[in-house]
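Peer 1:
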Amino acid sequence: MIPGADVSLADLPLRPELVGEEPYGAPQLDVAVALNVNENPYPPSARVKADIVKAINQAGDELNRYPDREAWQLRQDLARYLGFNLAAENIWVANGSNEVMIHLLQAFGGPGRKLLCFPPTYSMYPEYARNTHTGYVTAPRRPDYGLDVETICAAIEEHDPDVVLICTPNNPTGTSTPVSVIAETLERTRAIVVVDEAYQEFTEVPEDSALALLPRNPRLVVSRTMSKAFALAGARVGYLAAAPAVVDACRIVRLPYHLSAQTQAIARIALAHAPEMLARVEELREQNQAIQSWLRSKGLDVVPSQSNFTLFGTFENRHGIWQGLLDRGVLIRETGPQGFLRVSAGTPQQMDSFRQALTEVLIQNRENGESR
Numbered sequence: 339m340i341p342g343a344d345v346s347l348a349d350l351p352l353r354p355e356l357v358g359e360e361p362y363g364a365p366q367l368d369v370a371v372a373l374n375v376n377e378n379p380y381p382p383s384a385r386v387k388a389d390i391v392k393a394i395n396q397a398g399d400e401l402n403r404y405p406d407r408e409a410w411q412l413r414q415d416l417a418r419y420l421g422f423n424l425a426a427e428n429i430w431v432a433n434g435s436n437e438v439m440i441h442l443l444q445a446f447g448g449p450g451r452k453l454l455c456f457p458p459t460y461s462m463y464p465e466y467a468r469n470t471h472t473g474y475v476t477a478p479r480r481p482d483y484g485l486d487v488e489t490i491c492a493a494i495e496e497h498d499p500d501v502v503l504i505c506t507p508n509n510p511t512g513t514s515t516p517v518s519v520i521a522e523t524l525e526r527t528r529a530i531v532v533v534d535e536a537y538q539e540f541t542e543v544p545e546d547s548a549l550a551l552l553p554r555n556p557r558l559v560v561s562r563t564m565s566k567a568f569a570l571a572g573a574r575v576g577y578l579a580a581a582p583a584v585v586d587a588c589r590i591v592r593l594p595y596h597l598s599a600q601t602q603a604i605a606r607i608a609l610a611h612a613p614e615m616l617a618r619v620e621e622l623r624e625q626n627q628a629i630q631s632w633l634r635s636k637g638l639d640v641v642p643s644q645s646n647f648t649l650f651g652t653f654e655n656r657h658g659i660w661q662g663l664l665d666r667g668v669l670i671r672e673t674g675p676q677g678f679l680r681v682s683a684g685t686p687q688q689m690d691s692f693r694q695a696l697t698e699v700l701i702q703n704r705e706n707g708e709s710r
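All residue numbers for the sequence shown refer to our numbering, where the first residue is 339 and numbers rise by one.
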């Protein structure tokens, strides 16, 4: 018998707000076609992998020592990659953008403070707030899932948040918020404004980024990740760009030596090969636009997406559609507004499998007299 297996969560002094909660996580299933977590389907090349192995071996020579707790060289590399005249002092890096967000809320959120978000949006945001004892308040997006200054500022006036979080392109809708909207929002609030640009590299104009606003806005934070466009999800590398004072705030709350030497080494190799690592981004953008057109041709509702995923529906029984696809070896995500599903852009072969599977499921539904 497993030691302690006779004890349940109900027997433990769990924090009250965690009672009944489930761990976050998209299904991790062994399927032929996995299109559910917005990963880049193309792994690093043999050359990049060889350089990563070499770098890890070199880091292994000093595994008896703690890593650089400031990740200084990696921050320098990230500043060069982003451009916009940024320096290492403007960059903070952590284990995925998840930890970046936790650091920000540990520094600027907490008891008696509030985080404002605009659902439907990334489902981890309320968990970041919960885990840092930060109040979580929301305001709905427009019917087209976009955001404008009036929507954002009305919510700020209503809730008086300490941190405003805007995801663009937004997960799970793929809709973007114009930089001009963010600029005007910054003029009308004293809150910390966090712009989550996890999917920025997939947009039609990646250079059109909130990063351009940093010189004039010391309370702006732009968050990025290497999990998506860089095909580095397994390495867990997220980062932010902000005023040096914001970075210092994150340094106060971070755990000692939070980013391993191996993680820093892998990320630096990926950045050294940035053009190669990002070579498939345009192809994935095209795959995503193509699947949107195909879904519309099937009579489905599609939210125009500027990312590497598409939200589509609507289905009276979306779980049934999801299960029908899974039965055919295709895994997508059951998320977003009621009746919608989300599919990530994959290889041409994977997208063909998705099209074939969804066609079969829709035909089967019609034959069974079920509405879609």
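Each residue gets a CB set at the ideal place from its N, CA and C atoms; glycine is no exception. No experiment lies behind these values; they were computed from the predicted model shown.
Near R574, what residues of its chain come up, given a Cβ to Cβ distance below 7 Å and the 5 sequence neighbours on each side ignored?
Peer 2: N433, G434 and T601, listed in sequence order.
Peer 1: V560 and E716 - do their beta-carbons sit closer together than 9 Å?
Peer 2: There is simply no residue 716 to check, as the chain begins at 339 and stops at 710 in what is shown.
Peer 1: Tell me which residues share the same chain as T685 and place their Cβ nearer than 6 Å to its Cβ, disregarding the 5 neighbours each side in the sequence.
Peer 2: Around T685: P379.
Peer 1: Could you tell me whether the Cβ atoms of N509 and Y460 are closer together than 9 Å?
Peer 2: Taking 9 Å as the Cβ cut-off, N509 and Y460 qualify as a contacting pair.
Peer 1: Note down, in chain order, each residue of its chain lying with its Cβ closer than 6 Å to the Cβ of A587, except the 5 sequence neighbours on either side.
Peer 2: Taken in chain order, the residues that qualify are A445.
Peer 1: Kindly indicate which three-state DSSP category S346 falls into: helix, strand or coil?
Peer 2: Three-state result, S346: coil.
Peer 1: Going by DSSP in three states, F650 sits in which element: helix, strand or coil?
Peer 2: It is a strand residue.
Peer 1: Taking the continuous alpha helix (DSSP H) assigned at S514, which residues delimit it?
Peer 2: Looking at the DSSP string, S514 is not in any alpha helix (DSSP H), and its letter there is neither H nor E.
Peer 1: Hey, could you find the ends of the beta strand (DSSP E) T697 is sitting in?
Peer 2: Here T697 belongs to no beta strand (DSSP E); instead the alpha helix (DSSP H) covers P686 to E705.
Peer 1: Which residue or residues does DSSP assign as beta-bridge partners of C455?
Peer 2: Answer is T476.
Peer 1: Taking DSSP's pairing of strands, which residues face S435 in a bridge?
Peer 2: Bridge partners of S435: none, in fact.
Peer 1: Using the beta-carbon count (16 or more within 10 Å), is P499 buried or exposed?
Peer 2: The residue in question, P499, is buried, as its Cβ has 16 or more Cβ neighbours within 10 Å.
Peer 1: When the Cα of L669 is compared with those of E654, S645, T652 and A695, which residue comes out closest?
Peer 2: Comparing Cα positions, the closest option is A695.
Peer 1: Anyone know if the C-beta pair for F540 and N626 falls short of 9 Å?
Peer 2: Cβ atoms of F540 and N626: closer than 9 Å.
Peer 1: Quick one: Cα of T697 to Cα of L663, how far?
Peer 2: Roughly 10 Å separates the two Cα atoms.
Peer 1: So G677 and R656 are supposed to be a Cβ contact under 8 Å. How far apart are they, rounded?
Peer 2: Between R656 and G677 the Cβ distance is about 6 Å, and since that is below 8 Å, they are a contact.
Peer 1: If you draw a straight line from the alpha carbon of E542 to that of A477, how long is it in whole angstroms?
Peer 2: Cα-Cα distance, rounded: 27 Å.
Peer 1: Taking Q396 as the reference, give the member of P594, S565, I604 and L420 with the closest Cα.
Peer 2: Selected option, being the one with the closest Cα: I604.
Peer 1: Just mark R671 as buried or exposed, buried being the case when its beta carbon has 16 or more other beta carbons within 10 Å.
Peer 2: Looking at its Cβ environment, which holds 16 or more other Cβ atoms inside 10 Å, R671 is buried.
Peer 1: Rounded to a whole number of angstroms, what is the C-alpha to C-alpha distance between H279 and P354?
Peer 2: With the chain running from 339 to 710 in the structure shown, residue 279 is simply not present.
Peer 1: Would you grab the beta carbon distance between V386 and H611 for me? Rounded to a whole angstrom, and I think it's under 8 Å.
Peer 2: Correct: roughly 5 Å between the Cβ atoms.
Peer 1: On the DSSP bridge assignment, give the partners of A580 in chain order.
Peer 2: According to DSSP, A580 bridges with V559.
Peer 1: In the structure shown, what three-state DSSP assignment does L356 receive?
Peer 2: DSSP places L356 in helix when its eight states are reduced to three.
Peer 1: I'd like to know whether the C-beta atoms of N428 and V585 end up nearer to each other than 9 Å.
Peer 2: Yes; because the gap between Cβ atoms is below 9 Å, this pair is in contact.
Peer 1: On the DSSP bridge list, what partners appear for L669?
Peer 2: In DSSP, L669 forms a bridge with A372.
Peer 1: Can you list, in chain order, the residues of its chain with a C-beta nearer than 6 Å to that of P556? Leave out the 5 residues immediately preceding and following it.
Peer 2: So the list reads A581, once near-sequence residues are dropped.
Peer 1: Look up W430 in the DSSP assignment and give the residues it is bridged to.
Peer 2: L578, per the DSSP bridge assignment.
Peer 1: Less than 7 Å between C-beta atoms, sequence neighbours within five positions excluded: which residues of the same chain meet that for V591?
Peer 2: Closer than 7 Å at the Cβ level, and outside the excluded window around V591, lie H441, Q444 and A445.
Peer 1: What does the alpha-carbon distance come out to for the pair R528 and E621?
Peer 2: Cα to Cα, R528 sits roughly 40 Å from E621.
Peer 1: Contact check, Y483 vs P507 under 8 Å by CB: the rounded distance?
Peer 2: Incorrect: roughly 10 Å between the Cβ atoms, too far for contact.
Peer 1: Taking S631 as the reference, which of M689, E522, Q411 and L558 has the closest Cα?
Peer 2: S631 has its Cα closest to that of M689, out of M689, E522, Q411 and L558.
Peer 1: Let me confirm a value: R680 is counted as buried when at least 16 other C-beta atoms fall within 10 Å, else exposed. Which label applies?
Peer 2: With 16 or more other Cβ atoms within 10 Å, it is buried.
Peer 1: Report yes if the CB atom of Q644 is closer than 9 Å to the CB atom of T489, and no otherwise.
Peer 2: Not in contact: Q644 and T489 (Cβ atoms no closer than 9 Å).
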